[in-house]
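Residue numbers for the sequence shown follow this note's numbering, beginning at 8 and rising by one. The C-beta atom is built at its ideal place from N, Cα and C for all residues, glycine as well. In what follows, a structure is listed as structure tokens, so that the remarks can point back to it.
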Amino acid sequence: MSPPVFRFAPSPNGFLHLGHAYSALLNFDRARETGGRLLLRIEDIDATRCRPEYETAIYDDLAWLGIAWETPVRRQSEHLADYRAALEKLAALGLVYPSFESRAEIARLTAAREAAGSWPRDPDGAPLYPGAAKSLPADERARLIAAGAPYALRLDMAACRRVAGLTGGELTWRELGEGPDGERNLVAARPEAWGDVILARKETPTSYHLSVVVDDSLQGASEVVRGQDLFHATSVHRLLQTLLDLPEPAYRHHRLIRDAEGRKLSKSTGSTGLRELRSAGASPADVRRLVGLG
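Spelled out as structure tokens, the structure:
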């Protein structure tokens, strides 16, 4: 039997904080406990926010924590063809369509629908896509794209559920950790709660949802250890794995490290940044204690 494969996948759009340290250490500890492998992935698709100095800092901070990982490191920006191939497969199944509304137009459409009554929101609290781009004739779509109009490529959730043969709660995942509401073991996936999610944009060839399932498959991840803030997104990931015929890993969603006010940490929170803690004289053992790992 092959050893289990774990991965830590930060984005180089800021310096790591205690929350990242907790997730990285959990992955590292799980790999050691199980005799598994630990991979590092740099999720650098967002060219406007990701910077080389942040990537360098990731390597420095993880090494300081005593975490070792296999090389070479997978950098998403070097594998755009993998995401393009997955997107083309979904498009060939008739499961992707372009939407041309700007963010401001979508906000106006949402406000109008909410004024007329309630409008559903996804598990993160964002309103579902309210537009009608799915009904645009093919020639009109082609005309807009040829004219250089900006667009987002969306997953047709209703069509996906038909193609995947989902009529109820048949899609599940194996949860080794715990969801925000205490969910454990076999969890029912509800991808429809996210509506027609974006898989790519004209200027960005992939989204988190698409790239994470492609990467986890290509890297052979067998246990995905990540924060509870991504628990509900697993429903979309399980749907994409089913549609793309990708293997299903087990998931272990962990608690989030929060600040004194109970808020999820952000990369702008200097008091919990690893670089700041290191400068103040903290040791790797101090970091383990701060995140509750002893």
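Separation of residue 27 from residue 283, as counted between CA atoms
14 Å
Indicate whether residue 141 and residue 169 have their beta-carbon atoms separated by less than 9 Å.
no
What three-state label does DSSP hand residue 14 in the structure shown?
strand
Proximal residues to residue 205 (C-beta, below 6 Å), its chain only, five neighbours per side dropped
159, 161 and 214
Tell me the rounded alpha-carbon separation between residue 48 and residue 31.
11 Å
Does residue 9 come out as helix, strand or coil in the three-state DSSP assignment?
For residue 9, the secondary structure class from DSSP, reduced to helix, strand or coil, is coil.
Strictly by DSSP, which residues pair up with residue 194?
According to DSSP, residue pairing for residue 194 in a beta bridge involves 180.
Assign residue 222 to buried or exposed, taking buried as 16 or more other Cβ atoms, counted over all protein chains shown, within 10 Å of its Cβ.
Label assigned to residue 222: buried.
Pull up the DSSP beta-bridge partners for residue 234, would you.
261
Bounding residues of the alpha helix (DSSP H) (the contiguous stretch that carries residue 97):
87-99
Quick check on residue 58: does DSSP put it in helix, strand or coil?
coil
Relative to the C-alpha of residue 15, which residue among 230, 296 and 242 is closest?
230
How many angstroms separate the CA atom of residue 76 from the CA atom of residue 134?
39 Å
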